[in-house]
Each structure stands twice: as structure tokens, then as C-alpha cells.
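The block underneath contains the structure these notes are about, expressed in C-alpha cells.
Written as C-alpha cells, this is what we have:
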């Protein structure tokens with residue numbers, strides 16, 4: 001085999017996955033059809049759970065130091081914003097940071113860790129058999145398609161992509177602005193919808209829905225003059241926009257792959273799910289795919305776990321892809337609700353969010369992905385199993401045994417298996433992606449922890 005794993009696509013998802021695999025010592029090659037990294041911002045919202053997971057690997061600081069922290073975020077451009085300061089996270093905000101800069105940081109890290117990243121290589125053929133895969137003329141044990149919504153890998157594996165085609169198109173402009181609105185500006189009226197969000201470097205993203213101009217198919221870029229006209233009609237004034245960094249249109253196509261694994265082919269990021277960018281979940285969903293998949297694929301490649309472990313990637317991640325698709329469709333319904341009836345519904349929902357803080361908190365937890373959990377199939381498992389952990393030192397992408405008390409015997413087993421031991425509020429084993437694998441409330445947890453480590457150690 002030329003490689004253990006071939007990752008198709010050098011976007012943020014493919015590059016983070018390459019980092020995860022290299023931390024475990026897996027031979028990985030990343031193939032990218034683009035000769036150079038794209039210059040555009042694309043996705044900009046980095047939510048709390050993504051920051052938590054990047055922080056576990058020591059990758060969050062560049063984003064935190066240069067990004068813009070927003071205490072609130074919109075849900076369907078409703079008049080009442082969602083309060084993110086109330087979420088239980090070390091990062092109670094929405095961070096705006098350009099995707100192309102995230103991509104650059106992850107590519108640098110992947111190469112530093114020993115991944116091979118080759119650009120200007122379009123993948124045209126992917127095949128598999130019982131022993132491995134072939135990607136163009138390269139061979140590997142596994143291939144991961146992180147090659148976007150039009151994934152060649154997904155199509156080659158015959159995996160269906162189910163959902164709806166675009167029914168409307170939105171506008172987007174990343175621009176400088178001499179007279180920007182205050183932070184948190186969202187508006188929906190009979191003329192259309194608009195949000196304005198600040199980004200690093202004094203750039204503002206202006207995006208929304210313009211019902212007066214839906215005659216195109218989304219392929220024609222918006223012009224700066226058109227963006228100014230949209231601002232006048234929808235916001236009631238211009239913002240002095242100039243020096244566009246990116247002008248684009250995008251539709252509300254919403255699809256999820258029918259499976260995230262087929263044989264030796266796996267899918268992640270936009271290759272597995274695509275949707276309207278309401279809520280800023282797309283990039284975050286994909287990066288969390290990579291964190292879930294990386295340690296599992298490494299364990300299988302290195303013979304520490306059976307291939308069936310990869311089925312849990314589909315079981316755990318695909319439901320969240322479906323969930324984000326539903327949430328974004330709900331938000332697009334609100335964003336495009338420009339009729340008198342639709343505006344009345346929007347006003348009612350905004351009032352409810354403002355009146356009931358629990359509603360705002362629930363939406364903030366969902367958008368930030370801190371409510372993501374992986375409930376165990378075993379009903380006898382500890383209630384914490386599959387729940388999120390923050391603050392654990394997982395920089396080496398290996399599990400950690402936490403306990404509030406010394407575990408002399410379990411610590412010996414942990415050392416033999418390469419599992420670190422640290423102090424924590426509950427005796428538990430934390431997976432490399434920051435979720436509880438096993439926990440106990442035993443008064444004397446030493447023996448139980450040792451037994452659990454022996455049982456689970458094969459996957460480490």
C-alpha cells in the first residue's frame with residue numbers, strides 16, 4: 001500500500017482529519033484538486049464545541065487571538081438574538097474567523113505532523129475491494145471523502161445524497177464598510193432579509209435573501225452596485241461598502257448522505273452533508289466529524305480495533321447531520337418569511353425567545369453543538385457515557401483516565417496501554433475526541449477502572 005489512508009480534499013475538514021491521523025502515527029496523504037488555497041472567507045462562524053475540541057489539541061489560540069467574539073447570534077434573522085453568554089462552555093460566544101485562515105493553520109499543522117498534502121491533483125477514480133482502495137493510481141487501506149458537496153468519492157462509492165434542491169438563492173458580500181450598522185444587525189421585512197456580521201480585519205459580511213432577484217440560478221456573482229441597492233431596499237440605507245473581498249450567491253440545497261461509511265470508503269464534511277449556511281453550522285459540523293472519525297480510523301488501521309468500530313462513526317455523526325439539516329431548513333423558512341403572515345409569525349417567535357430564556361438557551365446549546373452527545377446502546381451504561389467533556393488534556397489525541405482519587409492499580413494498566421491519568425471530578429475514561437467512554441460512581445473505583453481499561457484498551 002502507498003498509504004494507510006488517503007484523504008480527498010484539503011479543506012479544513014480533510015486537513016484536521018489528517019492531523020488526527022498523524023497524531024496516531026498513521027501514514028496519510030491528502031489530495032486536493034485546487035492548485036492553491038482559496039482566497040475567500042467562506043464559512044466564518046466557529047462555535048463553542050469546535051473551539052473546545054481545537055483547544056484540546058492546542059489549535060485554538062490563533063483563532064481566539066485574531067477572531068471576533070460575538071455574545072449573541074441570530075436564529076433565522078429573528079429580531080430577538082440568541083444569547084450565547086449563558087451556555088456552559090469556556091467559550092460562551094460565537095467566534096468569527098475566516099475559513100481560509102483556518103485552512104492555512106490546519107495545513108501547516110498537518111504538514112508539521114508529517115502528512116503529505118498534494119495540490120493540483122483532481123481525483124477522477126475511486127475503487128475498493130476487500131484489501132484496500134485505489135484513488136487514481138495510488139493505493140491505501142482506506143479513503144475518506146472530504147471533497148465537498150459534489151464529492152467524487154461519494155459518487156464513486158454509490159452513496160445516495162438525499163434531500164432537496166435549491167428553491168431560492170441568497171446574496172453574500174464580504175466588504176469594508178465606512179458606515180456599518182451596530183453589532184447584531186438583522187432585519188427581515190417585505191423587501192427581504194439581511195444580516196451584517198463583523199469579521200477580523202474590519203471586514204463585514206452582508207448576507208440574506210432578496211425576493212426581487214430570484215431569476216438566476218445562483219451561478220452569477222452579485223456586483224457591488226447590486227449589494228448597495230439591496231442595502232438601500234432592505235436595510236433602508238447604505239453602509240458605505242467598498243473593496244469587496246468576496247461577492248457570491250448560494251442556494252438552500254439541503255442533503256445528507258444515506259450513510260457515512262460504505263466498505264472502505266468514509267465521508268466527512270460537505271461530502272456527507274450540505275445545507276443553507278444559516279446558523280453557521282456547516283464548518284463546525286465537518287470539523288466535529290473529523291474529530292469523531294480520526295481516532296477510530298487510526299485504531300482500525302493499526303489493528304487496535306475491529307473495522308466495525310467505524311460503524312459507530314455513522315451511528316454517532318449522521319443523526320447530527322440530519323439535525324443540522326432540519327434546523328437550517330427551519331431557519332430558511334423564517335428568513336424567507338417576507339409576507340404579512342410570515343412577518344407576524346416571526347414577531348411571535350421573537351417575542352417567545354425574549355420572554356422565555358430557556359428557549360434561547362436551548363437554541364444556543366444546539367447551535368454551539370455543546371448539546372451533542374452519543375448515548376450508549378447499553379441501557380446499563382453510566383449516565384455520563386457519551387457526554388461531552390471540557391478542559392481535559394487531549395493534546396496527543398489519546399484517551400485519559402480521570403479520577404478525584406488515586407487509582408494505583410488502574411494507573412499501572414493505564415501506563416501499559418498508553419493512557420494518561422489525571423485528576424477529575426468523576427472517575428471516567430475520556431475518548432480522544434472529548435466524550436465520556438466509561439464512568440463509574442463506585443466508592444472504590446480502582447478495580448472497576450482497571451477492568452474497564454483492559455476491556456477497552458484494544459481500541460486505544
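Residue numbers (full-length UniProt numbering): 1 to 460.
C-beta: ideal position from N, C-alpha, C; glycine also.
Shown here for residue 149: same chain residues with a beta carbon closer than 6 Å to its own, the five before and five after excluded, namely 270, 274 in chain order. Residue 183 sits exposed, since fewer than 16 C-beta atoms from the chains shown fall within 10 Å of its C-beta. Excluding five sequence positions before and after residue 160, the CB atoms of its chain that fall closer than 6 Å to its own CB belong to 258, given in chain order.
Annotated three-state conformation of residue 255 is strand, per DSSP. Spanning the alpha carbons of residue 70 and residue 51 requires a straight line of approximately 14 Å. Just so you know, the alpha carbons of residue 309 and residue 192 end up roughly 47 Å apart.
Rounded to whole angstroms, the gap between the alpha carbons of residue 47 and residue 163 is 25 Å. For residue 396, the CB contacts under 7 Å within the same chain, skipping 5 residues up- and downstream, are 23 in chain order.
The C-alpha of residue 276 is placed about 7 Å away from the C-alpha of residue 251. Per DSSP, the beta-bridge partners of residue 172 are 207, 248.
Nearest Cα to residue 124 within the set 152, 341, 296, 311: 152. A direct Cα-Cα distance of roughly 8 Å separates residue 410 from residue 451. Cβ-Cβ distances below 6 Å link residue 54 to 60 in the same chain, with the five nearest sequence neighbours on each side left out; the list follows chain order. If you check the CB distance, residue 234 and residue 194 come in under 8 Å. The region 355-386 is shown to contain no whole beta strand (DSSP E) run of 3 or more residues. In this structure, 204 is the residue among 189, 171, 190, 204 with its C-alpha nearest to the C-alpha of residue 179. In this structure, residue 181 keeps its C-beta atom at 8 Å or more from the C-beta atom of residue 68. When C-alpha distances from residue 294 are compared across 134, 439, 433, 140, the shortest belongs to 433.
The beta carbon of residue 291 is closer than 6 Å to those of 53, 433 in its chain, skipping five residues each way along the sequence. Taking 8 Å as the cut-off, the beta carbon of residue 313 is found no closer than this to the beta carbon of residue 343. Rounded to whole angstroms, the Cβ separation of residue 428 and residue 439 is 4 Å, and the two are in contact under 8 Å.
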